[in-house]
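In what follows, a single structure is set out as structure tokens and then discussed.
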Amino acid sequence: MRLLILVLSLFGHKAQAFFDLNGKFWPNGVITYDVSPELPQHMIKSIKYSIEYINSLSCVRWVQRNPWEVTVVNYVSFQYWYGEGGLASCRAVTEMAGGQQQVELGPLCMGEGTDNEKHVSVIHEMFHTMGFYHEHQRLVRDCYVELLPPTIIFSNPAYQIRFHLYSNWPYDYESVMHYETSNIKAWDRNQKLGRRDGKVSKYDIERLKYVYCREVSFCTREENEKLCDEIEEQEKKNRHCKHI
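Count the sequence shown with mature numbering (1 follows the signal peptide of the UniProt record, and there is no 0) and you get residues -17 to -1, 1 to 227, in order.
Structure representation (structure tokens):
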């Protein structure tokens, strides 16, 4: 399934949506999955929580694949990622790739920390699987956050701006898709980034409903147009903004 988006202009919020315009999404919002039996129980616990939580947010449904369902060829498999030297974090393919695709969970992101922090790691990768990229890869990223060091964009693709991405929502510091690391800081140093509460932001939910449930985007709603226009003007005047 490919979503066709009307692009009104190259710049500005009204032209934007938070995913690759040519991306592949899961038909009817149904994602079939299985779970590797070798995963430790604390990871299985987080997967169970994350699936139940995401299924409660919108029309999207993650449905478990039974071993005898051989006709289900496009599905997600939660697997343990050993990595090299035990230094494995978490990773997933963005969008529906076709066939079996993996959400890999490793000890770096699923080892220490609270249960909610582990849940956030799983939810983050599930959002990738559903077609969403990092919030800090948006075109307007530099208006809101600083990379430390700036050269990290050359060594780590996860920090690189994706010029073919769009977003019809205000910049979301609290998105489950926003990194919270020592390499990225809000210009407002009092502003927290990302999440640790095992949940997603209100804009994450709205984007999910926009992509899969045919709900309208934030800045196309009449009651939000003035706010979005004001944000766009502020970004144009912001000395940190490099790409608008």
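We treat Cβ as the ideally placed atom computed from N, Cα and C, and that holds for glycine. Predicted model only: the values in this text are computed from it and were never measured.
Go through its chain and collect everything with a Cβ distance to residue i's Cβ below 6 Å, but skip five positions before and after it.
i      : result
GLN62  : SER19, GLN85, GLU87
ALA75  : VAL86, GLU108, HIS111, THR112
GLN7   : It should be noted that the sequence gives Lys, not Gln, for residue 7. If we look at LYS7 and ignore the five residues flanking it on each side, its Cβ neighbours are GLU78, MET79.
ILE135 : TYR142, ASN166
LYS225 : ASP125
ILE106 : SER33, VAL159
Within its chain, find whatever has a CB closer than 8 Å to the CB of residue i; leave out the 5 residues flanking it on each side and keep chain order.
i      : result
SER158 : GLU118, GLY177, ARG178, VAL183, SER184, TYR186, ASP187
Counting along the chain, where does the beta strand (DSSP E) carrying residue i start and finish?
i      : result
GLN120 : Here GLN120 belongs to no beta strand (DSSP E), and DSSP marks it neither H nor E.
ILE14  : 13 to 18
GLN47  : 44 to 47
Could you pull the DSSP bridge partners for residue i from this structure?
i      : result
CYS224 : CYS224 pairs with nothing; no bridge assigned.
GLN85  : SER60
GLU129 : LYS168
ARG74  : GLU87
Would the beta-carbon of residue i fall within 9 Å of that of residue j?
i      : j      : result
GLY81  : SER72  : no
TRP170 : TYR127 : yes
THR97  : ASN151 : no
ASP212 : VAL103 : no
From what residue to what residue does the alpha helix (DSSP H) around residue i run?
i      : result
CYS196 : 185 to 196
GLU108 : 98 to 112
GLN24  : 24 to 38
PHE137 : 135 to 138
Give me, in chain order, the residues of the same chain whose beta-carbon lies closer than 7 Å to that of residue i; leave out the 5 immediate sequence neighbours on both sides.
i     : result
ASN38 : ARG44, TRP45
GLN83 : TYR58, SER60
**Report entry** Inter-stretch contact at 8 Å, needing at least 3 Cβ pairs: the region 89 to 108 / the region 188 to 200
**Finding:** no
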